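Accompanying notes for the structure given below.
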Amino acid sequence: MATRVIILAAGQGTRMKSTRPKVLHEIAGRSMVAWMIEAASQLSPAEIRVVVGHEADVVAAALPEGTATTLQEEQLGTAHAVELALADMTPEADDVIVVLPSDHPTLRGEVLIELVERHTSTGAAATLLTAVLDDPFGYGRVIRRDGAVVGVVEEVEAEAETKKLHEVATAIYAFSPDALTSALPNIGSDNVQSERYLPDVVEIFATAGLGLEAVIGTAADAAGINTYDQLAGATAHLQRTINEAWMAEGVWMVEPSRVYIDASAVLASDVRLYPGVHIEGASTVAPGAEIGPEVHIRDSRIGEEARIRYSVLEGAVVGPRVEVGPFARLRPGTVLGPESKAGTFVELKQTQVGARSKVPHLAYMGDATIGEDSNIGAGTITCNWDGHAKHQTIIGDRAFIGSDTMLVAPVAVGDDGWTGAGSTITKDVPPGSLAVERSAQREIADYAERKKDRSSEQEDS
228 MATRVIILAA
238 GQGTRMKSTR
248 PKVLHEIAGR
258 SMVAWMIEAA
268 SQLSPAEIRV
278 VVGHEADVVA
288 AALPEGTATT
298 LQEEQLGTAH
308 AVELALADMT
318 PEADDVIVVL
328 PSDHPTLRGE
338 VLIELVERHT
348 STGAAATLLT
358 AVLDDPFGYG
368 RVIRRDGAVV
378 GVVEEVEAEA
388 ETKKLHEVAT
398 AIYAFSPDAL
408 TSALPNIGSD
418 NVQSERYLPD
428 VVEIFATAGL
438 GLEAVIGTAA
448 DAAGINTYDQ
458 LAGATAHLQR
468 TINEAWMAEG
478 VWMVEPSRVY
488 IDASAVLASD
498 VRLYPGVHIE
508 GASTVAPGAE
518 IGPEVHIRDS
528 RIGEEARIRY
538 SVLEGAVVGP
548 RVEVGPFARL
558 RPGTVLGPES
568 KAGTFVELKQ
578 TQVGARSKVP
588 HLAYMGDATI
598 GEDSNIGAGT
608 ITCNWDGHAK
618 HQTIIGDRAF
628 IGSDTMLVAP
638 VAVGDDGWTG
648 AGSTITKDVP
658 PGSLAVERSA
668 QREIADYAER
678 KKDRSSEQED
688 S
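In terms of my numbering, the sequence shown opens at residue 228 and continues consecutively.
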């Protein structure tokens with residue numbers, strides 16, 4: 228016996244009024260359809276097949292590598308989509324076909340396991356995942372007779388009495404292949420939308436006397452996304468779930484509702500997160516690091532006991548006991564060695580900073596290598612772009628770069644080298660040397676009095 232999963236992702240999702248396919252809207256760093264694949268993967272299925280239609284190429288390209296797809300060129304309903312997917316599959320008679328929507332990102336993998344276990348243990352033709360909602364508007368209602376499921380009626384087809392029911396279908400099913408294959412051709416399109424609805428299969432099974440089972444899940448399991456308001460609600464739910472899981476692993480958060488962590492990020496115990504922290508992409512944070520307030524990190528590695536405040540990091544590597552910020556920006560390719568510093572209003576790009584070196588404030592270092600134990604004075608920049616290409620600046624160990632130094636690349640400052648404040652350095656500085664480049668200072672005597680006299684003459688004229 229094997230489990231095979233079909234995920235229906237062919238719809239357009241017009242209510243979001245977005246040019247982006249609905250299923251590719253992201254929550255905590257994953258698209259909605261990726262969340263569905265993640266939940267389905269907990270079944271250890273033999274196959275996951277995604278049915279694509281609207282913007283098929285875009286959706287297919289965004290799926291995890293190796294995900295099988297079936298094209299539904301004309302969207303004729305969910306039953307039609309399942310038919311197409313089954314035609315591309317070769318299930319055995321004792322397999323389980325699990326059908327999922329693509330827009331339920333808060334669905335739990337464990338409830339899918341329960342669904343399949345109930346299905347296989349009872350030998351049902353179909354097992355439905357249902358939920359009991361305070362407000363069931365928009366969902367298909369589950370019809371029961373003497374406690375047994377006998378049908379599902381879509382909201383647009385439901386009469387007034389049916390709409391009063393609170394148990395809803397989630398569009399999540401486990402099917403026996405033979406029963407499903409036999410029933411699908413009997414589903415018609417005589418309805419308001421002129422589509423073939425997969426939920427109609429439930430009534431077909433009931434009429435034929437085939438076994439139907441149901442597993443009642445939570446409101447979160449049933450939460451489909453059709454609007455940005457619903458997307459925001461699902462985001463809040465998943466973010467809360469992610470944060471609670473990390474706190475259980477020893478991550479400290481003073482205000483969890485203001486901490487945003489992608490599902491792909493990895494944190495160690497004893498990390499401290501302050502309000503306004505965003506940790507996105509393939510980021511990792513080592514033990515003892517303190518991040519925040521107001522820090523945005525993407526695809527970066529943060530070392531042990533690093534301290535980062537009011538800063539933006541993307542594609543950066545921050546070593547142990549490094550201090551970043553406030554108001555620093557670390558761009559891709561930045562590597563900060565142990566105990567180094569990128570301070571207030573500092574921007575670094577494609578720059579390596581050696582151990583214990585400091586770029587304390589008001590500086591730009593681009594395409595640069597800085598050795599160990601060096602200090603970069605305030606107002607210093609690397610002039611790395613000549614209008615055609617980028618060039619490298621190399622600063623050695625124990626160098627002291629004076630305030631407001633312009634380092635015109637390509638240029639190098641040797642070990643123990645110095646530059647005088649206000650210098651424009653265009654030639655290499657030998658090790659141990661001081662380079663000073665300034666024009667001669669000139670004083671104009673009595674300038675203030677003369678300027679005052681000129682101002683008086685202008686007022687009299």
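C-beta atoms are modelled at their ideal positions from N, C-alpha and C, and glycine is treated no differently. Every value quoted in this text rests on a predicted model; they were computed, and no experiment measured them.
- Pairing H505 with Y487 gives a Cβ-Cβ distance under 8 Å.
- Note on geometry: alpha-carbon atoms of A475 and L500 lie some 14 Å from one another.
- With respect to the C-alpha of V562, the residue from A495, F572, A288 and Q579 having the closest C-alpha is Q579.
- Secondary structure of D489 (DSSP, three-state): coil.
- Beta-carbon to beta-carbon, A273 and A229 are separated by about 4 Å, close enough to satisfy the 8 Å threshold.
- In this structure the region 508–517 does not touch the region 273–284; the number of beta carbon pairs closer than 8 Å is below three.
- Counting C-beta pairs closer than 8 Å gives fewer than three between the region 439–455 and the region 320–327, which falls short of the contact rule.
- Annotated three-state conformation of M228 is coil, per DSSP.
- The beta-carbon separation of P404 and A295, rounded to 17 Å, does not stay under the 8 Å limit for a contact.
- Of R371, A672, L342 and A433, the smallest CA-CA separation from E394 is found for R371.
- A distance below 6 Å between beta-carbons, with the five flanking residues on each side excluded, links E574 to the following residues of its chain, in chain order: R556 and Y591.
- The straight-line gap separating the alpha-carbon atoms of L360 and D315 is approximately 36 Å.
- Just measuring C-alpha positions, the residue of I628, K678 and K679 sitting nearest P658 is I628.
- Residue ranges of uninterrupted alpha helix (DSSP H) with 4 or more members, entirely inside the region 262–325 and ordered along the chain, are 283–289 and 305–314.
- Close CB contacts of T408 within its chain, under the 8 Å cut and outside five residues either way in sequence, are with L313 (chain order).
- E482 counts as exposed, since fewer than 16 other C-beta atoms from the protein chains shown sit within 10 angstroms of its C-beta.
- In its chain, beyond the 5 residues on either side, T646, I652 and V656 have a beta carbon closer than 6 Å to the beta carbon of A662.
- CA-to-CA, the gap between I469 and V419 works out to about 40 Å.
- In the DSSP secondary-structure assignment, T468 is not bridged to any residue.
- Pairing I622 with G598 gives a Cβ-Cβ distance under 8 Å.
- Contact between R423 and H307 holds, since their C-beta atoms are separated by about 5 Å, short of 8 Å.
- In the displayed model, N453 falls within coil according to three-state DSSP, outside both helix and strand.
- Within the model, the alpha-carbon separation for M259 versus E253 is close to 6 Å.
- The straight-line gap separating the alpha-carbon atoms of A353 and A533 is approximately 54 Å.
- When the beta-carbon positions are compared, R242 and N453 come within less than 8 Å of each other.
- According to DSSP, residue pairing for W479 in a beta bridge involves R499.
- Taking the Cα of E430 as reference, the smallest distance to any Cα among L411, L298 and G644 is reached at L411.
- Only residues of its own chain outside the window of five on either side were considered, and among them Q577, N611, K617 and Q619 have a CB closer than 6 Å to the CB of D594, listed in chain order.
- In this chain, I671 is not harboured by any alpha helix (DSSP H), its DSSP state being neither H nor E.
- No residue range can be given for T445, since it is assigned to no beta strand (DSSP E) and is classified by DSSP as neither H nor E.
- Rounded to whole angstroms, G570 and T357 show a C-alpha spacing of 54 Å.
- Exclusion of the five residues before and after T462 leaves I254 as the residues of its chain whose Cβ lies within less than 6 Å of its Cβ.
- Rounded to whole angstroms, the gap between the alpha carbons of I608 and A582 is 20 Å.
- Within the same chain, and ignoring the five residues on either side of E384 in sequence, the residues whose Cβ sits closer than 7 Å to its Cβ are N418 and V419.
- Note on geometry: alpha-carbon atoms of L425 and I524 lie some 43 Å from one another.
- Within the model, the alpha-carbon separation for G644 versus T596 is close to 14 Å.
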